[in-house]
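J.:
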Amino acid sequence: MSSKLHYSDLNIEEINNQIIKLKKELLELKIKQKTKQDIKPHLLKNIKHRIAQMLTLKTLSKQKHL
Numbered sequence: 343m344s345s346k347l348h349y350s351d352l353n354i355e356e357i358n359n360q361i362i363k364l365k366k367e368l369l370e371l372k373i374k375q376k377t378k379q380d381i382k383p384h385l386l387k388n389i390k391h392r393i394a395q396m397l398t399l400k401t402l403s404k405q406k407h408l
């Protein structure tokens, strides 16, 4: 049983929802960072990377449907 998500199986609406969720997580981490709370810095990079992946998938799926 694989725990990895298969992002290529998502439709555009699911991708948009995932992007919104990730941006909220990123905002929460940035707020914690600015208020001097303890955070794990690698999480910021990880979330930014996943947002970039989702945006790339969104672009590719739009091009595919044209």
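For the numbering used here, count along the sequence shown from 1 and bump the result up by 342.
The beta-carbon is built from N, C-alpha and C at its ideal position, and this holds for glycine as well.
#1: Hey, Ile389 and Leu352 are a contact pair by Cβ (cut 8 Å); roughly how many whole angstroms apart?
#2: Can you grab the Cα-Cα spacing for the pair Met396 / Lys372, in whole Å?
#3: Helix, strand or coil, according to DSSP, for Asp351 in the structure here?
#4: Taking the beta carbon of Gln379 as the centre, do at least 16 other beta carbons fall within 10 Å, making it buried, or is it exposed?
#5: Would you tell me roughly how many angstroms separate the C-alpha atoms of Lys404 and Ile354, rounded to the nearest one?
T.: Let's see:
#1: With a Cβ gap of about 17 Å, Ile389 and Leu352 do not count as contacting.
#2: 20 Å
#3: helix
#4: With a 10 Å radius around the Cβ and a threshold of 16 neighbouring Cβ atoms, Gln379 comes out exposed.
#5: 8 Å
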